[in-house]
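>
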Amino acid sequence: MAELKVRDLSEQDLAGIESSAKRAHLSREAYLRELIHHDATDHLLSGDVSDLRELTRQMAIIIEQNTKAYLDFVDAVRRLPSEN
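Just so it is clear: in the sequence shown, position 68 is 403 by the working numbering, and no numbers are missing.
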């Protein structure tokens, strides 16, 4: 695995990182590794999220149209003359 050294980090920033790592129950190194990983891979998911939103929108339209067609069918069946 690659190594990374960060220079000129302020004491305030380092304290914030330490605090966040503790809240996450991680070492500073593990916490920073997760931050870097998420930042490096988030762009890969953004297109998928957009695609899922569009698919969800399309499915909602299809479900609405199918529901209307079903209700129209049920109404037409109810208006048929009974066999009694």
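Think of the CB as a built atom: it goes at the ideal place given N, C-alpha and C, for glycine as much as any other residue.
What's the C-alpha gap between V409 and S355?
Position 74 of the sequence shown, counted from the start, is the residue given in the question as residue 409. Position 20 of the sequence shown, counted from the start, is the residue given in the question as residue 355. Those two C-alpha atoms are separated by around 58 Å.
> Which residue comes first and which comes last in the alpha helix (DSSP H) that contains M394?
Within the sequence shown, the letter at position 59 stands for residue 394. That run of the alpha helix (DSSP H) goes R363 to R413.
> Just verifying my parser: in three-state terms, what is the DSSP assignment at A337?
Along the sequence shown, read from residue 1 onward, the residue named residue 337 stands at position 2. Residue state, collapsed to three classes: coil.
> With DSSP run on the structure shown, which of helix, strand or coil describes D343?
If you number the sequence shown from 1, residue 343 lands on position 8. D343 falls in the coil class under three-state DSSP.
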